[in-house]
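Heads up: the sequence shown is residues -16 to 112, going by the working numbering. Here a beta-carbon is modelled for each residue, glycine too, at the ideal position from N, C-alpha and C. Heads up: the structure comes next, in structure tokens.
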Amino acid sequence: MVILHAFLALLAGFATMALLVILLTAVLTRLVPSWVGAAGRPQPGYVFVNLGYSLLASAAGGYVTAWAAAANPLVHVLALALVVLALAALSALQSRGKQPIWYALSLLAISPLGVLAGGLVRLRVLGIL
-16 MVILHAFLAL LAGFATMALL VILLTAVLTR LVPSWVGAAG RPQPGYVFVN LGYSLLASAA
44 GGYVTAWAAA ANPLVHVLAL ALVVLALAAL SALQSRGKQP IWYALSLLAI SPLGVLAGGL
104 VRLRVLGIL
């Protein structure tokens, strides 16, 4: 039962991140379609806004994971940060040549840091920090 609860806490945090990024990307591409670019290469404005809401989405995911993890929320947040780091690294490898390297590396750093920040905010709310 403990393992299932831990898995569900991680899943809730990751799902929060994924849903927020998907929704915000859809909204952004509808509001400013010219930022996406005709050749598939996003414009600088889109890239910076995407980095910003990716940070906020990952922080929300870290917060939800810490909230859902009844026992030892910090360990669960660290586990989610490692999962996100691994997935961001795989994504960076897959998108080599399709986007600027600084963008892939920024996402590689921003996502796990956002998860940690969101988890720490939740720990602060709980009075643990």
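Buried versus exposed, by CB contacts within 10 Å (16 or more), residue i
i, result
"residue 2", "exposed"
"residue 67", "buried"
"residue 55", "exposed"
"residue -10", "exposed"
"residue 50", "buried"
"residue 9", "exposed"
"residue 31", "exposed"
Which of helix, strand or coil DSSP assigns to residue i
i, result
"residue 77", "helix"
"residue 110", "coil"
"residue 87", "helix"
"residue 0", "helix"
"residue 54", "coil"
"residue 19", "coil"
In DSSP terms, what residue i is bridged to
i, result
"residue 82", "79"
Residue interval of the alpha helix (DSSP H) (run including residue i)
i, result
"residue 27", "27 to 51"
Whole-Å CB distance - residue i paired with residue j, under 8 Å assumed
i, j, result
"residue 105", "residue 46", "5 Å"
"residue 62", "residue -7", "6 Å"
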